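Note that my numbering has the sequence shown beginning at 46, numbered continuously upward.
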Amino acid sequence: MTALRLNFDWFYIPDITFTDIVEIVLLSYLLYHVMMWFKKTRAWTLFKGIIVLFVFVGLATLFQLNTILWIFKNTINVGIIAIIILFQPELRKALEELGRRNIISDVLIRDDKSVRSERVNNATIQELISAAMDMSKNKTGALIVIEQDVALGEYESTGINVDAAISKQLILNIFEHNTPLHDGAVIIRNNRVVAATCYLPLTGRNDINKDLGTRHRAAVGISEVSDSMTLVVSEENGTISVAYQGNLHRNLDSESLRKHLTSLQISPTEAKPKRFKRRKGGKKNEK
């Protein structure tokens, strides 16, 4: 009887040394933290776009789409330079943060704050509505940004860290006239006030009424570069507005404000934004 002989020549196990293990651990650590730094900024959205592009190139390779592969091959060098230019602020911040980190504690201690919790719950919505109604009566200007999927870390860094539970009293104290924290925006993440006095980008649109001041333009501006929802209380006339997906919804009462805030608890496909409404007539810009 002929003996059955199995050929395992195709199966190759490389020689792994201690140096290789150290390199794998270091590269894994650096790659993980680079991904976390990107995820805290708007660059994470751009990074996901790049991943989709490479998936598309992989499909082109699989189906031998030569024209697409030729275009990609001849633009890859320029693309790498473009990526470095686009990510330059995030790369600089990442290197600065790397210099401030305690590597040993990062490896051994688990960060529970990395676990993402609910964006906005019913208690938070009620506190925001109560605070907005009081500030509207007293004509106290306010700008409150609720973060969603697109991280607002780069705008959070322009303000002062707070990291406090949301309450009506806290919000009223922050935006009280002549207090150190009243100027700028408050950023809310996972039902907590994470920062105050934050600077937001202003919209460059010309179809916004001239009676809207800096707060409203900043609210629309941040909604154009992220998926956040921003609550605005006018210091001039006390009107309450909400900016979302580049649209501004004005003259809201408590029930309509609740509907907008509650829409953050459902999927984006179920929440249909309204069109930007223009108002005739105008008053001077608020400060």
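Note that the Cβ used here is the ideal one computed from N, Cα and C, for glycine as well.
In this text the structure is predicted, and so the values were computed from the model without any measurement.
Segments assigned beta strand (DSSP E), at least 3 residues, entirely inside the segment 172-213: 187-191 and 205-210
Whole-angstrom distance between residue 200 and residue 208, CA atom to CA atom: Sequence index remark: in the sequence shown, residue 208 carries index 163 (1-based). Sequence index remark: in the sequence shown, residue 200 carries index 155 (1-based). Each residue's Cα considered, the two are about 15 Å apart.
Going by DSSP in three states, residue 273 sits in which element: helix, strand or coil? For the purposes of this step, residue 273 is taken as residue 228 along the sequence shown, with counting starting at 1. Three-state result, residue 273: coil.
Can we say the segment 287-295 touches the segment 251-267, given the rule of at least three CB pairs closer than 8 Å? In this structure the segment 287-295 lies against the segment 251-267, because at least three pairs of beta carbons, one per stretch, are closer than 8 Å.
Taking C-beta to C-beta, are residue 187 and residue 177 nearer than 9 Å? If you number the sequence shown from 1, residue 187 lands on position 142. If you number the sequence shown from 1, residue 177 lands on position 132. Cβ atoms of residue 187 and residue 177: closer than 9 Å.
With DSSP as the reference, identify every bridge partner of residue 227, one or two as the case may be. By one-based count along the sequence shown, residue 227 stands at place 182. Residue 227 is not bridged to any residue.
Are there three or more Cβ pairs, one per stretch, closer than 8 Å when the segment 266-274 is compared with the segment 242-252? yes
Given a threshold of 16 other Cβ atoms within 10 Å of its Cβ, counted over all protein chains shown, does residue 80 qualify as buried or as exposed? Position 35 of the sequence shown holds residue 80. Exposed, because fewer than 16 other Cβ atoms sit within 10 Å of the Cβ of residue 80.
How far does the alpha helix (DSSP H) with residue 305 in it extend, from its first residue to its last? Walking along the sequence shown from the start, residue 305 turns up at place 260. 299-307 is the span of the alpha helix (DSSP H), which, as asked, contains residue 305.
From the DSSP output, in three-state form, read off residue 71 for me. On the sequence shown, residue 71 is found 26 positions in, with the first residue counted as 1. It is helical.
Member of 271, 296, 258 and 214 whose CA lies at the smallest distance from the CA of residue 284: On the sequence shown, position 239 is the one that residue 284 refers to. Minimum Cα distance to residue 284 is reached at 296.
Drop a sphere of 10 angstroms on the beta-carbon of residue 66, count the other beta-carbons inside from all chains shown, and report buried for 16 or more, exposed for fewer. One-based indexing of the sequence shown puts residue 66 at position 21. Per the 10 Å Cβ criterion, exposed.
Cα separation between residue 98 and residue 309? Taking the sequence shown and counting its residues from 1, one reaches residue 98 at position 53. Taking the sequence shown and counting its residues from 1, one reaches residue 309 at position 264. The alpha-carbon atoms of residue 98 and residue 309 are separated by roughly 29 Å.
Out of curiosity, what's the CA-to-CA distance linking residue 124 and residue 117? Position 79 of the sequence shown holds residue 124. Position 72 of the sequence shown holds residue 117. Their backbone Cα atoms lie some 9 Å apart in a straight line.
Using a Cβ-Cβ cutoff of less than 7 Å, which residues in the same chain neighbour residue 106 once the five nearest sequence positions on both sides are dropped? Translated into positions along the sequence shown, residue 106 becomes position 61. Cβ neighbours of residue 106 beyond the five flanking positions: 114.
Residue ranges of each alpha helix (DSSP H) within the segment 245-297, 4 or longer: 259-270
With DSSP as the reference, identify every bridge partner of residue 232, one or two as the case may be. As a working mapping, residue 232 is identified with position 187 in the sequence shown. DSSP lists 190 and 240 as partners of residue 232.
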